[in-house]
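Numbering (this note's numbering), first residue to last: 3 to 287.
Taking it in order: structure first as structure tokens, then the write-up.
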């Protein structure tokens with residue numbers, strides 16, 4: 003993670019804002035130049051602009067904020083902690099989505115609370131592995147998780163939030179999706195569930211059980227990953243483009259033994275896209 007201890011400049015960064023129209027009408031795009039403080043560092047901090055913009059634009063004093071995981075989320079957590087220490091924001095409580103985000107928030111001095119079903123989340127930010135352009139549906143959990151991390155907790159906090167922002171780089175915002183979707187399944191009879199998923203996407207995907215360490219193979223190797231809830235993780239690896247995340251998610255939800263998966267559709271949603279030129283594309287829906 004790039005250090006935030008770099009020089010700060012105030013200048014106008016081009017922000018392209020795309021808004022969605024009502025069904026049946028054409029969408030409209032407008033480009034605005036929005037001045038806000040950004041930090042210039044090396045190429046590894048492309049997402050830093052997105053992180054600072056997200057915090058400055060959406061977080062206010064007194065909010066309960068869902069704290070995501072990933073490079074951009076880590077930067078946003080650090081920056082939020084800095085604003086709290088400086089007194090620019092007050093009485094913000096963070097609800098971490100993972101052990102990693104909880105650790106980063108504690109180091110940044112952000113007061114924390116534990117998520118419960120009744121928790122009210124004013125705003126949440128997170129990284130995403132990929133975003134579907136038309137719907138802003140996202141895939142999370144592709145990265146090899148640890149046993150104490152939880153897609154279930156992450157999705158619960160994202161779904162509970164009144165407003166959600168995903169922060170990504172431009173190459174993760176795509177019209178034609180590819181790659182894998184993680185699926186949590188009951189450990190008992192996991193193979194039957196895997197076979198049913200394989201039949202569901204016959205010819206278009208391979209199903210591998212995720213390993214925790216060591217050799218990776220379709221059976222999960224010698225040490226298959228067991229989540230803290232006691233579930234296995236299947237990676238459904240698509241060999242053909244994914245036509246619709248919503249349809250894939252709906253199909254997976256109907257499979258016996260599937261507990262949850264890494265597809266999330268949450269509206270309203272904003273995607274803050276860090277582009278190589280240094281600007282930000284802001285897409286709202």
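Using N, Cα and C, we set each Cβ at its ideal position, and we do this for glycine too.
Being a predicted model, the structure only gives us computed values, none of them experimental.
| query | result |
| --- | --- |
| Pair within 8 Å by beta-carbon distance, residue 302 and residue 274 | For residue 302 there is no data in the structure shown, the boundaries of the chain being 3 and 287. |
| Identified DSSP bridge partners for residue 134 | 176 |
| Under the three-state DSSP convention, the category residue 28 falls into | For residue 28, the predicted model reports a pLDDT of 39, less than 50, meaning its position is unreliable; a value from the coordinates is still stated below. The answer is coil: DSSP assigns residue 28 none of H, G, I, E or B. |
| Same chain, Cβ closer than 7 Å to residue 25, five either side skipped, listed in chain order | In this prediction, residue 25 scores a pLDDT of 40, lower than 50, which makes its location untrustworthy; the coordinate-derived value is nonetheless stated afterwards. Around residue 25: no qualifying Cβ. |
| Every unbroken alpha helix (DSSP H) inside the region 157–219 [4 residues or more] | 192–202 |
| Sheet register partners of residue 127 (DSSP bridge) | 69 and 167 |
| Proximity below 8 Å, CB of residue 230 to CB of residue 222 | no |
| For residue 253 and residue 202, the rounded distance between their alpha carbons | 8 Å |
| Limits of the beta strand (DSSP E) - the one that residue 63 falls within | Where residue 63 is concerned, there is no enclosing beta strand (DSSP E), given that its DSSP letter is neither H nor E. |
| Where the beta strand (DSSP E) containing residue 282 begins and where it ends | 282–286 |
| The region 255–275 contacting the region 181–192, beta-carbon criterion three pairs below 8 Å | yes |
| Closest Cα partner of residue 247 within the set 75, 182 and 120 | 182 |
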